[in-house]
DNA sequence: GAGCTGATTGTCT
DNA sequence: GACAATCAGCTCG
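Numbering (our numbering), first residue to last: 2 to 201.
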């Protein structure tokens, strides 16, 4: 069953990032179903987070999606190559989002393998935000789409993790964000092979 | 309009 | 471990 709209309206984006661990993310692009459960996320805490694109409530054509109500996708291009998927949360006007950094694939492995041009399936197939985007067929055409749609959605299939199996750590690649780079806004499942950086 | 930078990854040494 | 790939947004002029 799809997560209800209310799940995404929580104004505590850090809480949402943590509770997304173990949730199943699916895409159905060009009629091809792919998905798996989320094992790594990062929270971006709206206008007061120097690591966020919307820091200082900066409103541009790119960031306007972040200001929408929770439950839509924010997809953007990084380094000119990688399409990254975020889950927009909280109420309209609060640019909160959760970056999906890694999933444990369960459905459509052959499709993902083809999209990634991999001769053999390796854990890197969905490890890291750029890899997740590519494997799931995410493109900027999905920017602003609802997580209640039939192209992109998240399900709760009853998978949960105990506190000791979830790790909170500083985010990746945000050194420019000064003191905000140290915040423990990255969450991952301890020991899962799809987590993008070494488990500690 | 030029110049720089980034929520990264794959490849080559 | 270094670095190229490649483009949108931001800052200045």
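Positions of the beta carbon are idealized from the N, C-alpha and C atoms, including for glycine.
Between the options, which lies nearest to residue i when the distance is taken from Cα to Cα?
i           : options            : result
residue 188 : 62, 146, 129, 80   : 129
residue 132 : 113, 148, 176, 171 : 113
residue 153 : 74, 46, 62, 66     : 74
residue 30  : 109, 163, 19       : 109
residue 87  : 16, 166, 144       : 144
residue 4   : 102, 49, 104, 158  : 158
residue 16  : 173, 111, 164      : 164
residue 89  : 168, 171, 149      : 149
Measuring only the C-alpha atoms, how far is residue i from residue j?
i           : j           : result
residue 201 : residue 191 : In this predicted model, residue 201 has a pLDDT of only 46, less than 50, meaning its place in the structure is not dependable enough to derive any value.
residue 6   : residue 72  : 6 angstroms
residue 33  : residue 180 : 42 angstroms
residue 37  : residue 70  : 25 angstroms
residue 1   : residue 77  : This structure does not reach residue 1, given that the chain is present from 2 up to 201, and the question cannot be answered.
residue 55  : residue 92  : 15 angstroms
residue 184 : residue 94  : 23 angstroms
residue 138 : residue 146 : 14 angstroms
residue 122 : residue 26  : 19 angstroms
residue 11  : residue 80  : 30 angstroms
residue 202 : residue 162 : Since the first residue of the chain shown is 2 and the last is 201, residue 202 is not available in this structure.
residue 160 : residue 186 : 21 angstroms
residue 40  : residue 21  : 8 angstroms
residue 1   : residue 198 : A query on residue 1 cannot be resolved here, the shown segment of the chain reaching from 2 to 201 and no further.
residue 136 : residue 120 : 14 angstroms
residue 68  : residue 166 : 32 angstroms
Where does residue i sit, in a helix, a strand or coil, going by DSSP?
i           : result
residue 201 : Legend: pLDDT at residue 201 = 46, less than 50; position of this residue unreliable, no value from coordinates given.
residue 93  : coil
residue 71  : coil
residue 42  : strand
residue 113 : helix
residue 188 : strand
residue 127 : helix
residue 133 : helix
Report buried or exposed for residue i, applying the criterion of at least 16 other Cβ atoms within 10 angstroms of its Cβ.
i           : result
residue 202 : The structure shown has nothing for residue 202, since the chain only spans 2 to 201.
residue 177 : exposed
residue 175 : buried
residue 155 : buried
residue 50  : buried
Would you call the CB atoms of residue i and residue j closer than 8 angstroms?
i           : j           : result
residue 124 : residue 194 : yes
residue 97  : residue 14  : yes
residue 99  : residue 182 : no
residue 35  : residue 42  : no
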